[in-house]
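In what follows, a single structure is set out as structure tokens and then discussed.
Numbering (our numbering), first residue to last: 25 to 160.
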């Protein structure tokens, strides 16, 4: 290898190393692992003190906006957090694997739903989380 060739490849190698260190420092990986989708729908109910037959459409469960969920990996590490939109929806894109979705307490309802375990793969996963309003 001649000196001229080395001087041109040196900066390129440093750039690759710098990018690798930057990715590592940010806690990310340069992985191209396949990803899948988890679609969450958050609702709260009951919203009326007495259920009626036939059901009153005004008493249908309502979307829960701005509620936070934590995504945990199979070994319990936090993989991320997300908040629901105005329609009570969250869309997660995650590498294939098993995850726990943990709703965070702190919304205006007496109790958040429990943890849900999902297996992310090629088929989108649909999850409904129901918050209890405490109305009886």
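For each residue, glycine too, the CB sits at the ideal point set by N, CA and C.
- Taking a cut-off of 8 angstroms for Cβ pairs, the segment 63-72 and the segment 149-156 touch, as three or more such pairs fall below it.
- Taking residue 123 as reference, the option from 83, 89, 149, 88 with the minimal CA-CA separation is 149.
- By a beta-carbon distance limit of 8 angstroms, residue 159 does not contact residue 139. Their separation comes to about 24 angstroms.
- Taking every protein chain shown into account, the CB of residue 84 has fewer than 16 other CB atoms within 10 angstroms, so this residue is exposed.
- Taking a C-beta distance under 9 angstroms as the contact criterion, residue 64 and residue 135 do not qualify as a contact pair.
- One thing to note: residue 110 has its Cβ no nearer than 9 angstroms to the Cβ of residue 91.
- Between the C-alpha atoms of residue 60 and residue 96 there is a straight-line separation of about 15 angstroms.
- 118 is the residue among 79, 118, 58, 81 whose C-alpha sits nearest the C-alpha of residue 98.
- Scanning 113, 57, 72, 58 for the CA closest to the CA of residue 93 turns up 113.
- About 6 angstroms separates the beta carbon of residue 62 from that of residue 144, a gap short enough to meet the 8 angstroms contact definition.
- With 16 or more other Cβ atoms from the protein chains shown falling within 10 Å of its own Cβ, residue 142 counts as buried.
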